[in-house]
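Under the UniProt record's numbering, the residue at position 37 of the sequence shown is numbered 37, and the numbers go up by one with no gaps. Just so it is clear, CB atoms sit at the ideal spot from N, CA and C, and this is done for glycine as well. Small disclaimer: the values here were computed from a predicted structure and weren't measured.
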Amino acid sequence: MKKIANKLLPILLISIFLLGCSKSDSVNEDEEMEEVIQEEEEEEEEEQQQSNDGLDPNKAPSENFDLSTWNLSIPEDKGNGTATTITVSQINNKYENNKYFYTGTDGGMVFKCPVEGFKTSLNTSYVRVELREMLRGTNTSISTQGVNKNNWVFGTAPAADKSAAAAYDGEMTATLAVNHVTTTGSSGHIGRLVIGQIHANSDEPIRIYYRKLKNNTLGSIYFAHEPTDGNGDEQWHEMIGSRSNSASNPSDGIALNEKFTYSIKVVGDLLTVTISREGKNDVVKTVNMVNSGFNVGGQYMYFKAGLYHLNNSGNNDDYAQVTFYALEKSHTNN
């Protein structure tokens, strides 16, 4: 019996050793697998952040975007029957409003606007959640209106106006996605919103529209150029798809939640609009504004961006929403 035990003991020891090695290898493999999974998750998170330009969903819009020269209009009563303005100081103090203006889960700057609400003036037909350029920043001693250091002029303006203004000519570029449009209202209003503008004293040298009809899966992009009074009718320029109330699904249209970029650029009398999408050729249109009446004295400009909601006939619970992922602007300084 002792002889058998003596023979079995080495075999038993070897088995125990091999079993221990196997368990150790298994533990090492599990640890290596966990490390690989963790690295993949970190890479995926980093790629997501890079795809959204490093926007942080835990920060307020003013912490992700340069809003130092913008104020914001929201459709809440400021006490006199017109919309509330969130000042430059307020918006840059980490302002958010979960009904209208906030940071999305992907870090984007969300503008959400109902059909009904308080408007910026009694003469305005539509509501908005929209940024207004304020080149004066927080210097409230400068008037918001006029040829002054809060606004800019076209490069063809008289020399005195160019000197008095904050700057001349300009370019605004925005990357965004339209998340939701109205599906109720009159045929001329459904799915229609403005996502960027140049506003002058009383007219708009440009309004960029996105529109998706409820039976279409894709939306159109077009813009309006409005000359000053006495200088011709409003001009319409289709860039992607049609602005018709009965437009068919645009073959090269833009879907909801699809990112795209627009650029509005003015140099002298030339207004150039560019629409860019990944993997597709840019769509570019230029308008010569020489006869539009903006190259005379007293005409001042400012950019607007966000959501100007051109539907006031839809259901009360209907709304539009856009998310901006980049917003930049520049001017030529005097």
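- Task: Would you decide whether residue 319 is buried or exposed? Buried here means 16 or more other CB atoms lie within 10 Å of its CB.
- Result: On the sequence shown, position 319 is the one that residue 319 refers to. Around the CB of residue 319, 16 or more other CB atoms lie within 10 Å, so the residue is classed as buried.
- Query: residue 333 by DSSP, collapsed to three states: which one?
  - Reply: Translated into positions along the sequence shown, residue 333 becomes position 333. If DSSP states are grouped into helix, strand and coil, residue 333 belongs with the strands.
- Query: If residue 191 sits next to residue 211, beta carbons under 8 Å apart, how far is it from one beta carbon to the other, in whole angstroms?
  - Reply: Here residue 191 refers to the residue found at position 191 of the sequence shown. Here residue 211 refers to the residue found at position 211 of the sequence shown. Their Cβ separation, rounded to whole angstroms, is 5 Å, which keeps residue 191 and residue 211 in contact under 8 Å.
- Message: Looking at the strands, I want to know which residues DSSP matches up with residue 276.
- Response: For the purposes of this step, residue 276 is taken as the residue at position 276 of the sequence shown. According to DSSP, residue 276 bridges with 261.
- Query: Based on the DSSP secondary-structure assignment, which residues constitute the bridge partners of residue 243?
  - Reply: Position 243 of the sequence shown holds residue 243. Answer is none; residue 243 lacks a bridge partner.
- Under a Cβ-count criterion, where at least 16 other Cβ atoms within 10 Å of its own Cβ denotes burial, should residue 187 be classed as buried or exposed? Along the sequence shown, one-based indexing puts residue 187 at 187. Residue 187 is classed as exposed because its beta carbon has fewer than 16 other beta carbons within 10 Å across all chains shown.
- Item | Cβ contact (3+ pairs, closer than 8 Å) linking the stretch 219-227 and the stretch 291-307 | Judged by Cβ distances under 8 Å, the stretch 219-227 makes contact with the stretch 291-307, as three or more pairs qualify.
- Task: Could you name each continuous beta strand (DSSP E) segment of 3 residues or more that falls completely within the stretch 84-113, going from the start of the chain to the end?
- Result: The stretch 84-113 contains, as complete beta strand (DSSP E) runs of 3+ residues, the segments 101-103 (chain order).
- Query: What is the DSSP secondary structure of residue 53, counted as helix, strand or coil?
  - Reply: Position 53 of the sequence shown, counting from 1, holds the residue named residue 53. Residue 53 falls in the coil class under three-state DSSP.
- Item | residue 353: first and last residue of the uninterrupted alpha helix (DSSP H) it sits in | Because the chain is modelled from 1 through 334, residue 353 falls outside the range shown and cannot be assessed.
- Item | Same chain, Cβ closer than 7 Å to residue 153, five either side skipped, listed in chain order | If you number the sequence shown from 1, residue 153 lands on position 153. Once the five neighbours on either side are set aside, the close Cβ partners of residue 153 are 147, 161, 162, 165, 168, 299, 300 and 301.
- beta strand (DSSP E) segment containing residue 73, residue limits: For the purposes of this step, residue 73 is identified with residue 73 of the sequence shown, where counting begins at 1. Taken as a continuous stretch (DSSP letters only), the beta strand (DSSP E) holding residue 73 covers 70-77.
- Task: With a 10 Å radius around its C-beta and 16 neighbouring C-beta atoms as the bar for buried, classify residue 90 as buried or exposed.
- Result: The sequence position of residue 90 within the sequence shown is 90, counting from 1. By the 16-neighbour rule on beta-carbons within 10 angstroms, residue 90 is exposed.
- Message: What does DSSP give as the partner residue(s) for residue 223 in the beta ladder?
- Response: The residue given as residue 223 occupies position 223 in the sequence shown. Paired residue(s): 208 and 237.
- With DSSP as the reference, please indicate the residues paired to residue 301 in a beta bridge. Along the sequence shown, one-based indexing puts residue 301 at 301. Residue 301 pairs with 152.
- Item | Selected residue, minimal CA-CA separation from residue 219, among 102, 128, 252 and 276 | Translated into positions along the sequence shown, residue 219 becomes position 219. The option with the nearest alpha carbon to residue 219 is 252.
- Query: Is residue 133 helix, strand or coil by DSSP?
  - Reply: Here residue 133 corresponds to residue number 133 of the sequence shown, with the count starting at 1. Three-state DSSP puts residue 133 in a strand.
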